[in-house]
Every structure is written in structure tokens, then in C-alpha cells.
Amino acid sequence: MSDSANDIKKQALEISMLYNISELAQSVAYEINNPLMIISGYSKKIRKNNGSEDYNDLEKDLLAIEKSSDRISEIIQNLLAYSKQSLELPLSKSPFQKLVEDSIQLYRDTSNTEDLAIEFENKTESNILVNPILCVQCIVNVFRFSVGHSKVTGQPKLQLSFRERKDRIELVIKDNAEKLAEEVQAKMFYQTFSTETGEGSVGMGMNSSFNIAKKFKGDLYFDNSYPENAFILSFTQS
Numbered sequence: 027m028s029d030s031a032n033d034i035k036k037q038a039l040e041i042s043m044l045y046n047i048s049e050l051a052q053s054v055a056y057e058i059n060n061p062l063m064i065i066s067g068y069s070k071k072i073r074k075n076n077g078s079e080d081y082n083d084l085e086k087d088l089l090a091i092e093k094s095s096d097r098i099s100e101i102i103q104n105l106l107a108y109s110k111q112s113l114e115l116p117l118s119k120s121p122f123q124k125l126v127e128d129s130i131q132l133y134r135d136t137s138n139t140e141d142l143a144i145e146f147e148n149k150t151e152s153n154i155l156v157n158p159i160l161c162v163q164c165i166v167n168v169f170r171f172s173v174g175h176s177k178v179t180g181q182p183k184l185q186l187s188f189r190e191r192k193d194r195i196e197l198v199i200k201d202n203a204e205k206l207a208e209e210v211q212a213k214m215f216y217q218t219f220s221t222e223t224g225e226g227s228v229g230m231g232m233n234s235s236f237n238i239a240k241k242f243k244g245d246l247y248f249d250n251s252y253p254e255n256a257f258i259l260s261f262t263q264s
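To convert, count from 1 in the sequence shown and add 26; that's our numbering.
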């Protein structure tokens, strides 16, 4: 192979490595930001109450802060294991239903969602092989985009359902917002896509979620066959 060809190959490898580092940094930033928002929110609440809060309520707030701190610690430990040993992040056989319920709780803890209704049309007992922290982040990003991407008439609502297709289990996330424009449908999973709303930028997390799903041999896509906006998150049953 000529020196020129070797140089091109080396440059391509370096670009690929930089892209992977950028992708990982984006993922970690999203993961750490949510528990930090919880810690900040509950800390402000405690300071605002200035000792007047009921003991049980205070204990609940402190527990939320403790759990969020533990979550950040776990994220960092996983990242250290990944960087030091060059291994994939640890996977575990996880109940899909519980991961979705944890995602709902995390989303509510980190967003202004008092008027948001979230309903399950059915439930599942299926397990999937994923890294639980990344999977929850993947789902939360989709919730945030689904709720924030366009206007809603009346109360905002998410309808969640599960469907089995051969060896796969799919989470269907439907909202009652205006149907996504074709331009948004075509670009929302791109790394550079972002859309500004009252909630801030809600688009960038979709690329992160898409990559997380692919990391665990899953898929994330928009199903235009539904009359509503419908996002499908699919994994192999474990």
C-alpha cells in the first residue's frame, strides 16, 4: 500500500475515533444532566421552604437527591470501566416495563410536567439485554422530544403500549400534538438536528437515543402509519 493510501487510511481512522469520542461525550452529558437537574431542583425547594417543610416531605426530597447522586456515581463508574478496559458498558437482563416506569419518573423529576398525562394501554413482562442507565436515558429523550416538539390543544398526553413481533418487543410512544412536518420526520435522528421550543432545544437527544438503541441491537423510528405521532423503540427479547 502506498504512503498516500496509508495516510488516507490513518486520517479516516482518526476521524472515526473523534466521532466516537464526540458521540460518547454527548451521551454522557445527557445522562449526567438529568440527575443534576433533580439535585438542583430539590435543593432549591429545601432552601425556599427554609425549615418549614414537613419532616416526611423533607426526607422524600433528600432521598431524591441521594438517589440522583448515586446515579451520577454509577454513570461515572461505568464510564471509567469503559475507558480503562476498552469494554462495552455493562449489560443486564432488565424488565422493559420497569425501565419505562423508571423513565417516566425521571422525566417527571426533571421536567415541568404537572399537566402531562401518561397512560399505559397495556403492559409487558418481557426482558431486554441493555445497560439500564443508557436505556432509561434513551426513553427520556424520546419523551422530551414527543412532548416538546409542537403545540398541543388541551392537556398534553402520552399513550404508551407494547407490542410483540416475533422475537422483538416494541414500545410505542404516541402523543396528541400536531403531526410532525415531513421535514422534521426526515431529519430528527440526525446528529445536527435541533429544534427550539419553550422547553429549549429538544431535538439533539433523538440522535443520542437512536445511537443508544442501535448499541443494544435495537431500533428507534417514527411510524407514519399512525394518525398520531408515534415513536417506536424496539429491542430483542432476552
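Ideal placement from N, C-alpha and C gives every residue a C-beta, glycine not left out.
If you measure between the beta carbons of residue i and residue j, is that distance less than 9 angstroms?
i    : j    : result
N25  : F122 : In the structure as shown, the chain starts at 27 and stops at 264, and residue 25 therefore has no counterpart that could be examined.
L197 : L142 : no
S120 : I91  : no
I64  : T136 : yes
V173 : A203 : yes
Would you mind sorting residue i into buried or exposed? The rule is 16 or more other CB atoms within 10 Å of its CB.
i    : result
D201 : buried
E61  : For the sequence presented, residue 61 should be read as Pro rather than Glu. Buried: at least 16 other Cβ atoms inside 10 Å.
L88  : exposed
Y216 : exposed
G244 : buried
S112 : Here S112 scores only 47 on pLDDT, less than 50, and its place in the model is too uncertain to base an answer on.
E140 : exposed
Q181 : exposed
Q131 : exposed
E209 : exposed
I102 : exposed
V228 : Caution applies to V228, whose pLDDT of 49 falls short of 50 and renders its modelled position unreliable; the value that the coordinates give is listed next. It counts as buried.
E57  : buried
What whole-angstrom Cβ distance do residue i and residue j have, given they're in contact under 8 angstroms?
i    : j    : result
I98  : S129 : That pair is no contact at about 17 angstroms.
F257 : I199 : 4 angstroms
L117 : V156 : 6 angstroms
Y133 : F171 : Actually they are not in contact, since the Cβ atoms of Y133 and F171 sit about 11 angstroms apart, beyond 8 angstroms.
D193 : T150 : The Cβ separation is near 14 angstroms, so there is no contact.
Using three-state DSSP, classify residue i as helix, strand or coil.
i    : result
S235 : helix
F146 : strand
N153 : strand
Y68  : helix
N76  : coil
T179 : coil
E254 : coil
D141 : coil
E57  : helix
L184 : strand
Y247 : strand
E204 : coil
Are three or more beta carbon pairs between the stretch 179–187 and the stretch 144–153 nearer than 8 angstroms? yes
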